[in-house]
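Below is one structure, written out as structure tokens, with a few remarks after it.
Protein chains: 2
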Amino acid sequence: MTEKLHKNQRQRAPSQRSLATRDRIFDAAEQLFADRGFEGASIRDIARAAGVQGALVSHHGGSKEALFATVVARRAEELSTLRLQALAAAKAQAQSDAESALPLRQVLHCFLAPFIHQTLHGGANWSAYGRLIAHVSSNPRWQQIAQRCFDPTARVFLEEIAKALPEADTQKISACFVFMVSAMLSLCTSRWRIVGLSQAETAEDLTAELLDFCEAGFRA
Amino acid sequence: MTEKLHKNQRQRAPSQRSLATRDRIFDAAEQLFADRGFEGASIRDIARAAGVQGALVSHHGGSKEALFATVVARRAEELSTLRLQALAAAKAQAQSDAESALPLRQVLHCFLAPFIHQTLHGGANWSAYGRLIAHVSSNPRWQQIAQRCFDPTARVFLEEIAKALPEADTQKISACFVFMVSAMLSLCTSRWRIVGLSQAETAEDLTAELLDFCEAGFRA
DNA sequence: GTCTATAATGAGATAGAC
DNA sequence: GTCTATCTCATTATAGAC
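Chains A and B, in that order, give the protein sequences.
The number in my numbering is simply the position in the first sequence, starting from 1, with 78 added.
The number in my numbering is simply the position in the second sequence, starting from 1, with 78 added.
This is how it looks when you write it as structure tokens:
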């Protein structure tokens with residue numbers, strides 16, 4: 079353990095201060111990428127918002143593209159965990175036998191509720207993250223990032239939906255899933271439209287409305 | 079009519095060549111704004127794509143923001159016309175008496191079909207326009223443009239939907255309308271996801287699938 | 001790890017000749 | 001209407017001191 083390490087390995091653990099700075103930078107990047115998109119947010123803006131010098135952003139985040147990918151990936155794992163935990167909990171509660179299918183609405187709820195809850199009640203960071211994901215999801219340029227971060231979990235839910243709708247065509251289910259994700263993301267990007275019309279709805283109301291819409295859509 | 083005109087009025091009609099150049103510029107801008115977003119597409123790129131000098135883009139389009147707004151507005155009127163014509167034709171065919179409500183599915187079809195048909199079969203320009211609208215619709219920065227271009231027609235359809243669903247809450251209808259528009263736009267931005275899964279669908283198939291999804295959602 | 005300074009590039013806009 | 005040339009500013013990235 080006292081031998082020399084290769085140059086590209088970390089020589090020692092980063093300090094607490096370094097970690098805090100790094101998180102401030104990632105938070106600022108998340109916020110600005112969400113507000114203005116990838117090209118609209120400059121490294122300088124991010125540095126200023128984080129209260130550091132521009133060079134530090136490059137130091138912690140690498141190139142601008144790498145920084146973007148890192149920020150997207152950062153909360154993706156947590157989101158996946160929340161979704162899969164919700165699914166596991168629902169299965170455990172249904173408990174009868176391991177292979178019985180969950181009701182469709184419950185599957186959809188496990189997918190939608192964590193996202194909506196976090197983006198609406200998880201503070202400014204999660205709110206920004208929701209809008210960030212909307213960017214990722216609507217621009218083919220980030221297709222690879224989206225696949226890495228979200229496809230594995232999506233696949234799990236697609237299978238679960240297929241089990242809940244045994245007579246439905248797999249292709250139609252996939253199309254509906256894309257529609258559902260779009261509608262879900264519209265809560266982040268177009269909430270002003272909805273809230274401006276139906277005043278002061280809670281996250282639970284919105285979740286229920288979206289669930290009604292999507293469940294009926296899947297069944298059709 | 080032979081008097082001198084004020085300086086900011088057009089002294090004479092633009093030449094055919096000028097109009098053709100202007101349209102080339104607008105087409106190129108539409109394509110690049112759709113592909114890379116507002117900040118991702120530079121005036122220089124647009125000029126190169128149109129085969130003109132950069133100064134000409136400013137000449138015809140004004141500032142970059144004005145150019146963007148112009149390109150969005152350009153096809154918006156045509157789209158509105160197609161939608162309202164479809165609605166009028168459906169009403170004329172139902173013909174019974176002028177105040178009877180159209181069936182929900184028919185109203186939604188009149189709204190969705192023109193957009194889907196144009197963006198899928200209207201050539202590269204309309205395809206780009208669809209992706210452009212997805213940008214406009216997901217970024218609050220373009221809220222004003224969106225309202226100017228699309229709200230009047232949306233209002234007409236919202237009323238028609240409310241007539242088709244007399245017992246439904248107006249606020250819920252509005253929320254569902256936002257979900258529907260999101261799902262519609264996802265056909266432009268995420269078609270690779272859907273098509274990659276359900277192979278070789280026609281525009282009519284996709285329209286029907288989206289209609290099934292949204293009609294059921296509204297009824298829920 | 002953090003900072004200053006700067007390199008290298010590209011951006012949007014416009015003046016003025018033709 | 002179109003083009004050349006140029007202004008001014010912001011961009012990402014990095015080298016090197018501390």
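Cβ atoms here follow ideal geometry from the backbone N, Cα and C, with glycine treated the same way.
With a cut-off of 8 Å on Cβ pairs, the segment 157-166 of chain A is in contact with the segment 187-202 of chain A, counting three or more such pairs. Residue state for LEU243 (chain A) is assigned as coil, using DSSP reduced to three classes.
Burial of GLY115 (chain B) is indicated by the presence of at least 16 other C-beta atoms within 10 angstroms of its C-beta. Annotated as proximal: LEU289 (chain B) and ARG183 (chain B), with beta-carbon spacing under 8 Å. Using beta-carbon distances, TRP270 (chain A) counts as an interface residue toward chain B, with a partner under 8 Å. Of the candidates B:ARG219, B:THR248 and B:TRP220, B:THR248 places its Cα closest to the Cα of ARG233 (chain B).
One thing to note: ALA172 (chain A) has its Cβ within 8 Å of the Cβ of SER178 (chain A).
Its Cα nearest to that of GLN109 (chain B), the residue B:TYR207 stands out among B:TYR207, B:PHE235 and B:ALA294.
For THR248 (chain A), the uninterrupted alpha helix (DSSP H) segment begins and ends at 248-267. Distance from the CA atom of VAL214 (chain B) to the CA atom of ALA281 (chain A), rounded to whole angstroms, is 25 Å. Proximity of ASP290 (chain B) to chain A, defined by a Cβ-Cβ separation below 8 Å, is satisfied. In the three-state scheme derived from DSSP, where H, G and I count as helix and E and B as strand, ALA294 (chain A) is classed as helix. What ALA179 (chain A) touches in chain B, judged by beta-carbon distance under 9 Å, is nothing: the nearest beta carbon there is about 20 Å away. Using a Cβ-Cβ cut-off of 8 Å, GLY200 (chain B) does not count as an interface residue toward chain A, since no Cβ of chain A sits closer than that to its own. The beta carbons of SER264 (chain A) and VAL256 (chain B) sit closer together than 8 Å. In this structure, the CA atom of TRP204 (chain A) is about 17 Å from the CA atom of ALA128 (chain A).
Under the 8 Å criterion on CB atoms, GLY115 (chain B) is classed as interfacial with respect to chain A. Put simply, the backbone Cα of TRP270 (chain A) is about 28 Å away from that of SER141 (chain B). Annotation: ALA242 (chain A) to GLN163 (chain A) spans about 18 Å, alpha carbon to alpha carbon. At a cut-off of 8 Å between C-beta atoms, GLY118 (chain B) counts as an interface residue with respect to chain A.
Interface with chain B (8 Å Cβ-Cβ cutoff): PRO244 (chain A) is excluded. In the three-state reduction of the DSSP assignment, GLN222 (chain A) falls in the helix class. Proximity of the segment 209-227 of chain B to the segment 144-152 of chain B meets the contact definition, three or more beta-carbon pairs being nearer than 8 Å. For chain B, the residues of the segment 215-232 of chain A that bring a beta carbon within less than 9 Å of one of its beta carbons are SER215, SER216, ASN217, PRO218, ARG219 and GLN221, in chain order. Collapsing the DSSP output to three states places THR99 (chain B) in a helix. The CB of ARG297 (chain A) comes closer than 7 Å to the CB of ALA294 in chain B, given here in chain order. GLU117 (chain B) is not a Cβ neighbour of GLU143 (chain A), given a cutoff of 8 Å. For VAL130 (chain B), there is no enclosing alpha helix (DSSP H), as DSSP gives it neither H nor E.
By the rule that beta-carbons nearer than 8 Å mark a contact, SER141 (chain B) does not touch chain A.
At a Cβ-Cβ threshold of 8 Å, ILE124 (chain B) and ILE103 (chain B) count as neighbours. Cβ contact annotation for THR231 (chain B) (same chain, cutoff 7 Å, sequence separation greater than five): SER158, ARG161 and LEU162, in chain order. Closest by C-alpha distance to PHE296 (chain B), out of B:LEU284, B:VAL259 and B:ILE251, is B:ILE251. VAL256 (chain A) reaches chain B at SER264, SER268, ARG271 and ILE272, counting residues in chain order whose Cβ is nearer than 7 Å.
Identification of chain A residues near GLU156 (chain B) by a Cβ-Cβ cut-off of 8 Å yields none; the smallest Cβ-Cβ distance measures about 23 Å. Taking 8 Å as the cut-off, the Cβ atoms of LEU210 (chain B) and ALA112 (chain B) count as close.
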